[in-house]
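> In the numbering used here, the protein residues as written are 2 to 275. For each residue, glycine too, the CB sits at the ideal point set by N, CA and C. The model shown is predicted, which means the values in this text are computed figures rather than measured ones. Structure provided below as structure tokens; questions to follow.
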Amino acid sequence: MLRGVPELPEVETIRRGIAPHVSGRRIEAVTVREPRLRWPVPNDLAARIVGRMVLGVERRGKYLLFDLDRQRLLIHLGMSGRLYVLTPDVTPIKHDHLDLHLSGNLLLRFHDPRRFGAVLPLDGDTQHPLLAHLGPEPLSEAFSGEHLYHLSRGRSSPVKNFLMDGHVVVGVGNIYASESLFRAGIRPGLAAGRVSLPRYVRLVDAVRDTLERAIRQGGTTLRDFSGAHGEVGYFQQELMVYGRDGEACRVCENPIRRQVIGQRSSFYCHCCQR
DNA sequence: AAAGATGCCTGTAAGC
DNA sequence: TGCTTACAGGCATCTT
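Encoded structure:
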């Protein structure tokens, strides 16, 4: 079974799961047990967010953005991050790095063994550098075959790297990139600039379909955010190629191949993808 | 400008 | 069994 790497569908599912629990509550205190995350949790975190009301939770790519009324809190789950909504009596375990104490006797707890995640306060009105140059959301109208086609002209890097570039489109990680390229029938190592417009149109459909289906499934498996440290059901969907090196293609039964592209494992079917 | 490499981390699995 | 080592991956940032 695969690890629960939070990709966009997981982050969206988490957003939907925690938003109703935290919205409308005031941040009463902050406990930081381990500030050494992707970027250090700033010393003035409490000063900046305590006393503020959580108005809602938004998502940009894989960033969760808590709307704190003219202030925001950015949370990224990195590779291994989890968020738990708990009552304050639950004893923290290893890697429970940070708690937001909320009004109404509730806790939002950030847990992240690998510490690739981030918890950063942002000014509400200014555009933060991390968010300033991101590509369109994959589920928005702005993400289109034309968009990919025009951006990719003249690019020699593999289409898989191109698809995973957050300046091109946000939220498509290694797993869904491989899956989407399979569904679109495009080999991951093909130069992005050599993929035609019709094929990019197909790829956009494949990305949307893959992500939307994963969100729908996440919604059915990720239901109880009040339960303590129970594992949530990431990746319930059947993967067509990811991690299936040497196994039979679900379409043509030829063995799935693994190829390292841009220091990342890529999986594809030599027969179904051209 | 674009592409490739690097670093940050620890749990897990594979190898000896 | 216990140790060592490779690997996984998001993404900013540095180098070429």
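Rounded to whole angstroms, what is the Cα-Cα separation between S153 and G105?
If I take the Cα positions, the gap works out to 50 Å.
> According to DSSP, what are the bridge partners of R249?
Note that residue 249 is Ala in the sequence shown here, rather than Arg. Partner(s): P256.
> Mapping DSSP to helix, strand and coil, what is G263?
Coil at G263, not helix or strand.
> Excluding five sequence neighbours on each side, which residues of the same chain lie with their C-beta closer than 6 Å to the C-beta of R34?
Cβ within range, chain order: H98.
> Excluding the 5 residues flanking R27 on each side, which residues of the same chain have their C-beta closer than 6 Å to its C-beta?
Excluding residues within five positions, the ones whose Cβ falls inside 6 Å are M54, S104.
> Hey, Y177 and E8: beta-carbon distance below 8 Å or not?
Result yes, Cβ atoms of Y177 and E8 sit closer than 8 Å.
> Considering Cα atoms alone, identify which of L131, R188, L87 is closest to L65.
Closest by alpha carbon: L131.
> What three-state label does DSSP hand R16 in the structure shown?
Helix at R16.
> Assuming Y150 is part of the alpha helix (DSSP H), what are its boundary residues?
Where Y150 is concerned, the enclosing alpha helix (DSSP H) stretches over 146-153.
> Among L191, I187, A192, which residue has its Cα nearest to the Cα of V202?
Nearest of L191, I187, A192 to V202, Cα basis: I187.
> Counting along the chain, where does the alpha helix (DSSP H) carrying P130 start and finish?
Here the alpha helix (DSSP H) through P130 covers 130-133.
> Since I176 is in the alpha helix (DSSP H), which residue starts that stretch and which ends it?
Its alpha helix (DSSP H) spans residues 175-185.
> Across the segment 37-52 and the segment 239-255, are there enough close Cβ pairs to call them in contact, namely three or more that are closer than 8 Å?
Verdict: no, contact absent.
> Quick check: Y269 and P189, are their CB atoms within less than 8 Å of each other?
Yes, they are a contact pair.
> I'd like the list of long-range same chain contacts for G231, defined as Cβ closer than 6 Å, with 5 residues on each side in sequence excluded.
Unreliable positioning characterises G231 in this predicted model, as indicated by a pLDDT of 40, which lies under 50. The coordinate reading is nonetheless provided below. Result list for G231: empty, nothing under 6 Å.
> Enumerated in chain order, which unbroken segments of the beta strand (DSSP E) with a length of 3 residues or greater are wholly contained in the segment 11-71?
Listed in chain order, they are 28-33, 57-61, 64-68.
> Do you know offhand how far C273's Cα is from L182's?
Using only the alpha carbons, I get a separation of about 10 Å.
> Give the single residue among V31, R60, V91, D166 whose Cα lies nearest to the Cα of L46.
Comparing Cα-Cα distances from L46 to each of V31, R60, V91, D166, the minimum goes to V31.
> Please give me, in chain order, every unbroken run of the alpha helix (DSSP H) with length at least 4 that falls completely inside the segment 73-113.
Runs found: none.
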